[in-house]
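Visitor: One structure coming up, written as C-alpha cells, with questions to follow.
There are 6 protein chains.
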Amino acid sequence: MPTADDFRVRQEPFYQPQDKEIELYEAAYAARLPVMLKGPTGCGKSRFVEHMAWKLGKPLITVACNEDMTAADLVGRFLLDAGGTRWQDGPLTLAARLGAICYLDEIVEARQDTLVVIHPLTDHRRTLPLDKKGELVAAHPDFQLVISYNPGYQSLMKDLKQSTKQRFAAFQFDYPDSTLETAIVCSESGIAADLAGRLVELAQVGRRLKGHGLDEGISTRLIVYAARLIGQGTAPADACRMAMVRPITDDPDIIDSLDHAIGAIFG
Amino acid sequence: MPTADDFRVRQEPFYQPQDKEIELYEAAYAARLPVMLKGPTGCGKSRFVEHMAWKLGKPLITVACNEDMTAADLVGRFLLDAGGTRWQDGPLTLAARLGAICYLDEIVEARQDTLVVIHPLTDHRRTLPLDKKGELVAAHPDFQLVISYNPGYQSLMKDLKQSTKQRFAAFQFDYPDSTLETAIVCSESGIAADLAGRLVELAQVGRRLKGHGLDEGISTRLIVYAARLIGQGTAPADACRMAMVRPITDDPDIIDSLDHAIGAIFG
Amino acid sequence: MPTADDFRVRQEPFYQPQDKEIELYEAAYAARLPVMLKGPTGCGKSRFVEHMAWKLGKPLITVACNEDMTAADLVGRFLLDAGGTRWQDGPLTLAARLGAICYLDEIVEARQDTLVVIHPLTDHRRTLPLDKKGELVAAHPDFQLVISYNPGYQSLMKDLKQSTKQRFAAFQFDYPDSTLETAIVCSESGIAADLAGRLVELAQVGRRLKGHGLDEGISTRLIVYAARLIGQGTAPADACRMAMVRPITDDPDIIDSLDHAIGAIFG
Amino acid sequence: MPTADDFRVRQEPFYQPQDKEIELYEAAYAARLPVMLKGPTGCGKSRFVEHMAWKLGKPLITVACNEDMTAADLVGRFLLDAGGTRWQDGPLTLAARLGAICYLDEIVEARQDTLVVIHPLTDHRRTLPLDKKGELVAAHPDFQLVISYNPGYQSLMKDLKQSTKQRFAAFQFDYPDSTLETAIVCSESGIAADLAGRLVELAQVGRRLKGHGLDEGISTRLIVYAARLIGQGTAPADACRMAMVRPITDDPDIIDSLDHAIGAIFG
Amino acid sequence: MPTADDFRVRQEPFYQPQDKEIELYEAAYAARLPVMLKGPTGCGKSRFVEHMAWKLGKPLITVACNEDMTAADLVGRFLLDAGGTRWQDGPLTLAARLGAICYLDEIVEARQDTLVVIHPLTDHRRTLPLDKKGELVAAHPDFQLVISYNPGYQSLMKDLKQSTKQRFAAFQFDYPDSTLETAIVCSESGIAADLAGRLVELAQVGRRLKGHGLDEGISTRLIVYAARLIGQGTAPADACRMAMVRPITDDPDIIDSLDHAIGAIFG
Amino acid sequence: MPTADDFRVRQEPFYQPQDKEIELYEAAYAARLPVMLKGPTGCGKSRFVEHMAWKLGKPLITVACNEDMTAADLVGRFLLDAGGTRWQDGPLTLAARLGAICYLDEIVEARQDTLVVIHPLTDHRRTLPLDKKGELVAAHPDFQLVISYNPGYQSLMKDLKQSTKQRFAAFQFDYPDSTLETAIVCSESGIAADLAGRLVELAQVGRRLKGHGLDEGISTRLIVYAARLIGQGTAPADACRMAMVRPITDDPDIIDSLDHAIGAIFG
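Dropping the structure here:
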C-alpha cells in the first residue's frame, strides 16, 4: 500500500509566475475547489501543478489521460492473487484516500463518459463510490482534483461536457511575454540572454502562423530544446531547424517560411 | 456483505425547496413509483435525492452512469475467489435487496440498451432477473429507483427510449429564482447578501446567453464557487472570472461579454 | 441447479382480456408454436405472458434483452470453479431443459445476429446446440419461446430479420378501448371511475399527438401511475403533469398543449 | 470427448424432394466437394441437409452462425482446468476429426473475415491449422462442409467473398410448386388437402408482394404454422392472420391487403 | 514443442509451372527475400508455395489471415498453466525459430496495423521482438516469409501499406492458358481432354464477364469441381450449373447468360 | 529480468551518413532530447537509430507500433503466476529502468491517445507513472526516446498531436542522392557499380511518379532487393520487375510505364 510520502514532490520545481496565479490557486485550494488548467501545449501547466503541490506540501498523483482509460483505471479493480481476488485502488481512489492532489493531465483525451466517475468527488459530496467493491470512499480533507485541458483541441468529439466543466474553477495559461520567456530559456539552458532572445523572436514568428498553416504555436519547451542543443555546441540555425521547425510541421511552405526566418534572425 | 446502514445519509443535507417537490416526492415514494429528475447541470438534483433519502430514512445507493457501464456493473458478476467463482451483487441488486433508494445519476450517459435491465424493477413485477446466476430477485418493499437526466444533452444518440421513460414519474428542476438563489449562495458560502446578489445577477446575464454561444447556463454551483473564493479573500472580479466564466467557455467573444458584465457589476 | 418450481408464477396476475387473445395463445401453445407479442410500450405484453404462464401452469423465464447481450448470455458459459471450469446454462438453455416458457422481452434491443441462436429451437428441430460444450440439447416437450417487440422502434438498424420473424405466430396488442382502460385504471389504483375516465381522456389527447411531436402515446401504465399518485392525495392536475406529461417529452410546446388539456379536463 | 455417434441423425427426417437434388448431393459428397445451399427463409434447406446426413449415415454438426462468432468458436480454444489450460475443439475441428458433415447455417451472418479459417479445409489441402495449439488437423475422409446462404440478404456488408464462394458447389432452393407444397402442409399438419390448398393460395398472394413492400415471401414454415393452429381448432382466418400475416410485416397497408385476401379465400 | 519435421510437406504437391516462376522463387529464397504472391482466387498461389517448400525441403507454416487476428495470434502469448503463466510461440515466431517458410494466406484480410509485427523480420534485422516476453528472436537462417494477396480486393480499407509492400519481391499469378488449364483439369479429375477443354471454354466465357456483373472470374478450382462431379456420373450441364455458375453469382441475368453458354457448349 | 546487455547492438550496423545527422544526434543525445526521425519507407531510419545506439554504446529496445497496441503493451501489465499476479514491465518501462534508447517504430500506427503515456517521459519530469501498480518510475540518466514517422501517411486520422510532436527534436530523412545510393547498393549486394547505377536510375523514374499514381517512391531497400536477385543470377530485367515494380503497385498503366523504363535502361 503506497503512502502519501511516496508522492511528495521532493525538490522545488522551477516555476516563474506570469501573473497572480499562485495566490489564486492557494485560494482555490483553501476552498478545496476542483481546478482546471487551460492553455496550449508546452506552456507550463504540468509544471505549475507540481510547483503548487510542492508549495502546499501535498502529495501529487498524476494521470496521463488516454482514450483507452476506463473508469476502472482511475478507480481501481480486483486483481487475482494467491488467495483469490484482491482490490487495488486506482490513482484517483488513492489520491482521495491519501489526501493528495490528483492531476488528470490532458483530460480531453479521456472518453468524456468515463469522466463522470469524478462527479461525486467534485461537488458537495466529495465521495467516490466504488461500485464494484460496494464501498463509498469519503475524500480526505486535503484531497483536490486538478485537470489540464487544451482548448485548441476542442472539437465535437473531444470537448468536456458542461456537467463536467461546471465543477471546476479555471486558470487560463498562455505563452509568457518575451522578457519573461527569455529569462526562462536562459535559466533552463544556461545560454546567453541575447541568443535566448533571438530564439524567442523566432518562436513568435511561428506563433503568428497559428491558424495560417500551423495548428499550434511553437512552445516554450521547444525553445528550451533549441537552447540546450546550442549549449551542446550545435550551430543555432541547425538547432532551430531541428528543435523548433521540423517537429511541428510537415508542410514544405511553412518549413520554408520558418527556415527563412531562421536565416534572417541568425544569418 | 454491505448492510442498509452502510448507505444511510447521516446528516441532513442542506436543501432549500423551490416548490412543492418534497410533498410530491413523498407521494411518489409512498406509491413506490420510479422517479425521474430532469434539469440542467448544477441545479441541485443530486442534493434533492440525498435530502429525500435522509427525510424518508432510507439508504441511498448512487451510481454515476457512464458509457462503459455494462449491465453487469449494475446487476453484479462472478468474481474469482480462493474457492472458485463467487457472485457479487452490483449496486442495483444490492439496493433491491436492502430496500434502498437506487439513484442512477446522469442516466443518458449510460448506453440505453444497458438500461433495459431496470425494466422488470420498474413495472408491476418489481423483480430483477440475475440471468447469469439463474436467480430472480424480488425487490424489498422499500426499494425505489430514481434517475437524473439533463434534457439539454438530449440527442438522437443520447435520449432515453420511450419504453424506459414511460416507467417514471418526472420532476422538472430549474435554477432557483434570484431571491432564493441569493439565499442559497449566502448559506453555502457565508458571504454578504448584497455580494451574493451581484453574483446571481452575473449568472443571470450568462444564462441569457444559453443558445447564443453557450450550451448551458451558469449553474448555482459555480456561483457558490465564486462566493467561496471571495470568502478566501479573492477579489470578486477575479473570483467571477475564474469560477463563473473561464470554466464554461473557450469562446473569446463570450468571455469578453461576460468579463464586461463583471466590470459593470463589480467595477 | 434451479428447478422448474423456482420459476412458477405463484399468484394469478391481473389481466383483462381485450379480445380472444387467451384462446389463441392456448392454441399456439398446444401446437408449441413460438409466439411474438407486438405492440407499444406499457400496453400489457409482459403481463399477458405472465398471465398465460400462470394459466397454463408452466414456469416462466424472462430475459430483458439488451445490445450487450451475447449468445453466451442466452446459452451459457464456462465458469471458473475450484476444480477448473464448470458449465453454467444460460436462461434459454435452462428453459429448454426445464420445459419453461422463455420470454425474450424487447427483443429488438438484442443484436439481431445474436438471435440466430434461437433458430434451431424455433423450427422442427427444437434443439439448442451448445457449441462451446459440444452438446445438443433437445427441448423439453413443454418448452415454448415467446418474444416481445415494439414495431414503433423498427428501423433499419433495429428490425428483426425475416429469417427470425418467420419462426413465430404473432399477437398484435394495442391500448385498450376507453371503457376497458378505465376499468383497468380503477382496478389497479382504487380511484373512482369518473376520475379514472378523465385520466383516460387525457391519455387519448396525448395519443393523438403521436407522430406530431410525440414518438409514442401515453401508456396505460402512466395513467395508472397518475391514478396511484391521486390515491396518495396528490392533486389530479399535479399527478397528471408529473406522471403523464413530464416523463414522455422535453418539448416545451407539447408540454404546453398537454398542460392545457389537463386544465380543460380537471380545471 | 464427443464421438461420431453423438451426432448421428436417429430418425429419417421428412423430406419431399423438389428435383434431383438428392442425387446431385450424393455426387457432391462422393467427390467430397464443399456444398452451398442457397434459398429463401423457411424453404427447407436445414431439413435437406439433415435428411442427407441421415441418408448417407454420417454424423451432422450444425453451427448457427452469428456476428459474434469468432474463429475460436469454430476452431476451438484453451479452457482453464484444474491442471492448467486444456484445449477444447470447436465444432468445425470436431467435425473434421470425426468425419462429420459440418453445417454452417446462415453463413452470411458470420463475419466474412472469420470464415477464412474454413479455406484450408475446402481446397486440396483438407486441413485445419490450429494456430493457437500449433497443430495441423488433417480432415477425416468422411468430412464435408455445407453452408446455407440466403441471397435475399446479400448486401455490400453481408456477402460472401469470391475467395470463399469459389470453394463450393451450389444448390439453389425455392418454395415448392403449389401441388407439392399442399402435400407438404397436409403431411406436416394433418389438415385436409382443400384447406391446405387455400393456405398455399394465400402464401402465393403474399409472395407476389415480395419487392413491393415485403422483404421476403411467406415461407412454407408459416403455412404449416397456420395449418397446425387450425388443427388446434383455431378459425382459419384467425390462424392465417396470426401465423401468415402479422409475423412478417408491420406495414398497415400490406396487412390490409393480406387480410383482404384472407377474407376472399376463406370468407 | 513442435519441431521442423511436424511441418514438412511429405508428398510432392502437383504443380504445373506457367512460366519461370520456380527459378525466380529459388533465387528469391537464396537471397532470403520476403515474397508476395499476387493473383485471383483459385489460380494456384497456395499450391505453388507448398510445391516450393517441398522442392526446397523446408518446413511450411501456413496462417489463414483474418480480421480478428491480433499480433498475439502471430507472435504468441502467455497461457495459464498449472504452474502459472507459460509462453506459447505463435506461428510466426515458431517459423522464425525453426527456419520454416511462413505463409500468410490472404494477407489483406488481416488488419494492416497488426502486420507491422512482420516488419523487423522482413528487413536487414531479421529479428522478431517479443515485447510481452522481453525477448528478441533472431530468425533462423532458413526462415522466409511469404504472403498472398488478391489485388481484386484492393480497396481503401483493405490495401497493404507501402511500408509493408516495400519489403517483398512480388510474383504475379493469373489463370493458366487454355492448353495448360485443360491439362491441369484432366490431371486433377481424370476426365477426358475434350470434355475438360469444353469446361475451360465455359470458364473463359465467365472470365470475360469480370467487371461486367461478375466480381471475379471462374477459377481453375471450380472447373476441377465440375470435372470431378462429372467423374461421379453427374451430367456435364448439371455439373457446370452447380459448380461453375451457382456458386459465383446470385444475379439472374448473369446466371441466364452462363446457363445459355452451357447449353451452347454441351447442348 | 532482462538486463541492459540483452539489448546491446553487437556489431556495427552499416550506415552511410547523408549529412551531419550523426553529430546532430550526438548533441540531441547529450542533451537527452527525445528524437523524431521523419522520412519515407525504406530510406534507413531504423538502421540509423541502430547505428547510433551502437556508436553511443547504449542498449536499444525497439517497438513496432500498431493500432492494437495499448498503453499496457508499452508500460507493462500484471500477469498471473503460480503465486498470484506478478507485474511485468513493458518495453518502455524496461528501457526507462535500464537506460536504453527506446525506439518506437512507425509511431503513427499507434493510436495517438495511447501515446500520451510517453508524455511524462518526454518533458522535464522524465518519469513514467505505472498507474496500475501505483509506482512512479524515474528514468535512468541514459534513457532516451526515439520515434519514427512517415509524413506521407499523415492524415486526419493518423497524425501526431501537437502535444506529442512538441516533445521531440526532429531529423528529416530522404532517399540518398544517386552517387551515394549507388555506393550503398554496391556495398549491400556486391554487384558492379554500373549495374547498381542503372537500378538507381530506374528507382528515380519511379520516384517521379509519386503523386502521379504511386503513393510512395521506390525505396533504397527495393533497389537492394533487385541487386541481390541479380547477385543470385536472375536477369536484371526480371529482378527489376519482381523487386522494384510488382511489389509497389497493382495499376496496369503504372506497371506498363515502369516495365517500359526497364526495357529502356536494360534493353
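Residue numbers (my numbering), protein chains in the order written: chain A, 166 to 432; chain B, 166 to 432; chain C, 166 to 432; chain D, 166 to 432; chain E, 166 to 432; chain F, 166 to 432. The C-beta atom is built at its ideal place from N, Cα and C for all residues, glycine as well. In this text the structure is predicted, and so the values were computed from the model without any measurement.
1) In the segment 277-310 of chain A, which residues sit with their C-beta less than 9 Å from some C-beta in chain B, listed in chain order?
2) Got a sec: which bits of the segment 399-419 of chain C sit with their beta carbon under 7 Å from any beta carbon on chain G, in order along the chain?
3) Can you pull the chain A neighbours of F:S328, defined as C-beta to C-beta under 7 Å?
4) Can you check whether the CB of E:I272 is closer than 8 Å to the CB of E:I312?
5) For F:D415, which of helix, strand or coil comes out of DSSP?
6) To test your reading of the DSSP string, which unbroken beta strand (DSSP E) runs of 3 or more residues are found completely within the segment 221-283 of chain D?
7) The beta strand (DSSP E) spanning C:A348 covers which residue range?
8) Run through chain C and tell me which residues come within less than 8 Å of B:K203, C-beta to C-beta.
9) As a quick exercise: from E:A218, E:P306, E:G398 and E:T235, pick the residue whose alpha carbon is nearest that of E:Q176.
10) Is the beta carbon of B:T279 sitting closer than 8 Å to the one on B:A334?
11) Would you mind sorting E:F179 into buried or exposed? The rule is 16 or more other CB atoms within 10 Å of its CB.
12) For D:H377, is the classification buried or exposed, using 16 other Cβ atoms within 10 angstroms of its Cβ as the cut-off for buried?
13) Please compile the residues from chain C whose C-beta is within a distance smaller than 8 Å of the C-beta of D:V228.
14) Any Cβ of chain F within less than 8 Å of the Cβ of E:F333?
15) Here's the rule: buried if 16 or more other CB atoms are within 10 angstroms of the residue's CB, otherwise exposed. What is F:D170?
16) Classify D:F336 as helix, strand or coil using the three-state DSSP reduction.
17) Just checking: is the beta-carbon of D:T250 within a distance shorter than 8 Å of some beta-carbon in chain E?
18) With distances taken from CA atoms, which of D:L394, D:L423, D:E353 and D:L202 is nearest D:K375?
19) With three or more beta-carbon pairs closer than 8 Å as the criterion, would you say the segment 405-412 of chain F touches the segment 384-396 of chain F?
20) Name the residues in the segment 337-367 of chain F whose C-beta lies less than 7 Å from a C-beta of chain E; which are they?
21) Mind checking if B:F243 is an interface residue toward chain C, Cβ cutoff 8 Å exclusive?
22) Residues of chain C with CB under 8 Å from B:A261, in chain order?
23) Need the endpoints of the alpha helix (DSSP H) that F:Q183 sits in, please.
24) Note down the Cα distance separating B:C267 from C:G255, rounded to an integer number of angstroms.
25) Is A:T287 helix, strand or coil when you go by DSSP?
26) So what does E:T292 bridge to, in DSSP terms?
27) Go ahead and pull the three-state DSSP assignment for E:I395.
28) Quick one: is C:L239 near chain D, going by C-beta distance under 8 Å?
29) Whose C-beta lies closer than 7 Å to the C-beta of F:S354 among residues of the same chain, with five residues either side of it excluded?
30) Please classify C:M201: does DSSP put it in a helix, a strand, or coil?
31) For D:M166, is the classification buried or exposed, using 16 other Cβ atoms within 10 angstroms of its Cβ as the cut-off for buried?
32) Please name the residue or residues paired with A:S313 in a DSSP beta bridge.
33) Can you tell me whether B:K203 is buried or exposed? The criterion is at least 16 other CB atoms within 10 Å of its CB, across all chains shown.
34) Under 7 Å Cβ to Cβ from F:K210, same chain only, skipping five residues before and after it: list those, please.
35) Under the assumption that B:Q331 contacts C:P412 (Cβ atoms under 8 Å), give the Cβ distance between them as a whole number of angstroms.
36) Should B:L198 be flagged as near chain C, meaning a C-beta pair shorter than 8 Å?
Guide: On the basis of the data shown:
1) Residues Q277, D278, T279, L280, V281, V282, I283, H284, P285, D288, H289, R290, T292, P294, D296, K297, K298, G299, E300 and L301.
2) The displayed structure is made up of protein chains A, B, C, D, E and F, and chain G is not among them.
3) The count along the sixth sequence starts at 1 and reaches residue 328 of chain F at position 163. Near F:S328 (Cβ distances below 7 Å), the residues of chain A are T206, E271 and N315.
4) For the purposes of this step, residue 312 of chain E is taken as the residue at position 147 of the fifth sequence. For the purposes of this step, residue 272 of chain E is taken as the residue at position 107 of the fifth sequence. For E:I312 and E:I272, yes; Cβs fall inside 8 Å.
5) Here residue 415 of chain F corresponds to residue number 250 of the sixth sequence, with the count starting at 1. It is coil, neither helix nor strand.
6) You should have 225-229, 241-246, 249-254 and 266-270.
7) By 1-based counting over the third sequence, the position of residue 348 of chain C is 183. Careful: C:A348 lies outside any beta strand (DSSP E), inside the alpha helix (DSSP H) at S343 to S354.
8) Numbered from 1 along the second sequence, position 38 holds the residue referred to as residue 203 of chain B. Chain-order list of chain C residues neighbouring B:K203: R411 and D415, by C-beta distance under 8 Å.
9) Within the fifth sequence, numbered from 1, the residue matching residue 176 of chain E stands at position 11. Considering only alpha carbons, the answer is E:A218.
10) The count along the second sequence starts at 1 and reaches residue 279 of chain B at position 114. The count along the second sequence starts at 1 and reaches residue 334 of chain B at position 169. Their beta carbons are not under 8 Å apart, which means B:T279 does not touch B:A334 by this criterion.
11) To locate residue 179 of chain E, count along the fifth sequence from 1; it is residue 14. With fewer than 16 Cβ atoms within 10 Å of its Cβ, E:F179 is classed as exposed.
12) Here residue 377 of chain D corresponds to residue number 212 of the fourth sequence, with the count starting at 1. Answer is exposed; the Cβ neighbour count stays below 16.
13) The residue you call residue 228 of chain D lines up with position 63 of the fourth sequence. From the beta-carbon of D:V228, the residues of chain C found nearer than 8 Å are P294 and D296.
14) As a working mapping, residue 333 of chain E is identified with position 168 in the fifth sequence. With its beta carbon less than 8 Å from one in chain F, E:F333 belongs to the interface.
15) Here residue 170 of chain F is taken as the residue at index 5 of the sixth sequence, counted from 1. Only exposed fits F:D170, as fewer than 16 other CB atoms lie within 10 angstroms of its CB.
16) Residue mapping note: residue 336 of chain D aligns to position 171 of the fourth sequence, counting from 1. Three-state DSSP puts D:F336 in a strand.
17) Within the fourth sequence, numbered from 1, the residue matching residue 250 of chain D stands at position 85. Proximity of D:T250 to chain E, defined by a Cβ-Cβ separation below 8 Å, is satisfied.
18) Locating residue 375 of chain D in the fourth sequence gives position 210, counting from the first residue. Measuring C-alpha to C-alpha distances from D:K375 to each of D:L394, D:L423, D:E353 and D:L202 identifies D:L423 as the nearest.
19) Touching, yes.
20) Contacts with chain E (Cβ-Cβ distance below 7 Å) from the segment 337-367 of chain F involve no residue at all.
21) The count along the second sequence starts at 1 and reaches residue 243 of chain B at position 78. It does: the Cβ of B:F243 has a partner Cβ on chain C nearer than 8 Å.
22) The residue you call residue 261 of chain B lines up with position 96 of the second sequence. Neighbours of B:A261 on chain C: none; closest Cβ ~14 Å, over 8 Å.
23) Sequence index remark: in the sixth sequence, residue 183 of chain F carries index 18 (1-based). From DSSP, F:Q183 is part of no alpha helix (DSSP H); its letter is neither H nor E.
24) For this step, residue 267 of chain B is matched to residue 102 along the second sequence. For this step, residue 255 of chain C is matched to residue 90 along the third sequence. In this structure, the CA atom of B:C267 is about 27 Å from the CA atom of C:G255.
25) Here the question's residue 287 of chain A lines up with position 122 in the first sequence. Here DSSP, grouped into helix, strand and coil, assigns A:T287 to coil.
26) Within the fifth sequence, the letter at position 127 stands for residue 292 of chain E. By DSSP's assignment, E:T292 forms a beta bridge with E:A303.
27) Reading the fifth sequence from its first residue, position 230 is the one you call residue 395 of chain E. The answer is helix: DSSP assigns E:I395 an H, G or I state.
28) Numbered from 1 along the third sequence, position 74 holds the residue referred to as residue 239 of chain C. With 8 Å as the cut-off, C:L239 does not count as an interface residue toward chain D.
29) Residue numbering aside, residue 354 of chain F sits at position 189 when the sixth sequence is read from its first letter. Cβ within range, chain order: V389, A392, R393 and G396.
30) One-based indexing of the third sequence puts residue 201 of chain C at position 36. If DSSP states are grouped into helix, strand and coil, C:M201 belongs with the strands.
31) Translated into positions along the fourth sequence, residue 166 of chain D becomes position 1. Burial call: exposed.
32) Your numbering for residue 313 of chain A matches position 148 in the first sequence. Under the DSSP definition of a beta bridge, A:S313 partners with A:L202.
33) As a first step, residue 203 of chain B is located in the second sequence; it is residue number 38 there, counting from the start. Buried, since its Cβ has 16 or more Cβ neighbours within 10 Å.
34) Translated into the one-based positions of the sixth sequence, residue 210 of chain F becomes position 45. Correct list, in chain order: L202, G204, S313 and F338.
35) Locating residue 331 of chain B in the second sequence gives position 166, counting from the first residue. Locating residue 412 of chain C in the third sequence gives position 247, counting from the first residue. Distance from B:Q331 to C:P412 at the Cβ level is roughly 6 Å; contact confirmed, criterion being Cβ atoms closer than 8 Å.
36) Residue mapping note: residue 198 of chain B aligns to position 33 of the second sequence, counting from 1. With 8 Å as the cut-off, B:L198 counts as an interface residue toward chain C.
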